[in-house]
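Residue numbers (the UniProt record's numbering): 1 to 303.
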């Protein structure tokens, strides 16, 4: 049974299967392409020098398609401009198809509502493949995500995550919005969690209560944005941080040293005392550690 709408202002977000105070005219958004330096191979015989490894950052198809011009991101509102109306109509059709439990006229009314803004993924010529409709609340520093959907034949390309990153960077740059609130159904909770949303609402109720309406069957979720983070570059930033941590470990680690086999094994494999091997002794290994490692990981009754 489809969940019921308690009042006409209820919103709903949808998972993409993988998913401001500004002028209302269409705006193209740009992103920065991530680049990765080359790696160098270590040389050596007895001792292999620590490899100066660079964490490779793999770009998702959505990022590559935007950089090559296959797709673009536009922010639109109902301003009676031809391109805006074409994009909004495309979004309306996608929301109506991807959100079958939501009344079609309700979706149309909110998408075309002048208090709402939409960010759309557009392919040439003006083919809409997904987007988000949201409503910013001026002076309250939060916006409500009303609808979020990607066309079913365009999913698993990373469009949903890239779309949300664009939205976060856009609202931070053009308004005082630092929080998102949305009602997610059970299918959308996983997507929103990946995008930094949580079921723990830290925003004071006096700020949002009465501005967004309850949705029967939905879960209220919140996203708190960080002011110094550029979300379109978050993946690249985390990869660089990981690389720095690995570099610190390599500076003090001896795991890169390749030791010769024990001399006792020169004439064949035989049983030896592990602590007679200097490297094992230096590592801090003890027989008790070996016993612990050999113990079953699960209780006897574990099936």
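Heads up, the beta-carbon is just placed ideally off N, CA and C, and yes, glycines get one too.
- Distances from the alpha-carbon of residue 125 to those of 228, 73, 138, 96 put 73 closest.
- Note on geometry: alpha-carbon atoms of residue 266 and residue 229 lie some 58 Å from one another.
- Apart from the 5 residues on each side of it in sequence, residue 137 sits with its Cβ closer than 7 Å to the Cβ of 143, 211 in its chain, given in chain order.
- Nearest to residue 181 by alpha-carbon distance, out of 156, 160, 215, 187, is 215.
- Residue range 61–67 is occupied by the alpha helix (DSSP H) that includes residue 63.
- By the beta-carbon neighbour count (other beta carbons within 10 angstroms, threshold 16), residue 115 is exposed.
- Here the C-alpha atom of residue 202 lies approximately 54 Å from the C-alpha atom of residue 259.
- The secondary-structure analysis by DSSP pairs residue 133 across a beta bridge with 118, 147.
- Taking the Cα of residue 141 as reference, the smallest distance to any Cα among 149, 174, 109, 164 is reached at 174.
- Look at residue 192 here: in three-state DSSP terms it is helix.
- The residue among 156, 106, 162, 109 with its C-alpha nearest the C-alpha of residue 66 is 162.
- Residue 184: member of the beta strand (DSSP E) spanning 179–184, first to last residue.
- The beta-carbon distance between residue 91 and residue 111, rounded to whole angstroms, is 6 Å. This is short enough to meet the 8 Å contact definition.
- Contact between residue 94 and residue 166 fails: their C-beta atoms lie close to 17 Å from each other, not under 8 Å.
- Just so you know, the alpha carbons of residue 132 and residue 196 end up roughly 16 Å apart.
- Remark: C-beta atoms of residue 148 and residue 179 do not approach each other more closely than 8 Å.
- The three-state secondary structure of residue 95, taken from DSSP, is helix.
- Leaving aside the five residues that flank residue 60 on each side, the residues in its chain whose CB is nearer than 8 Å to its CB run, in chain order, 157, 158, 161, 162.
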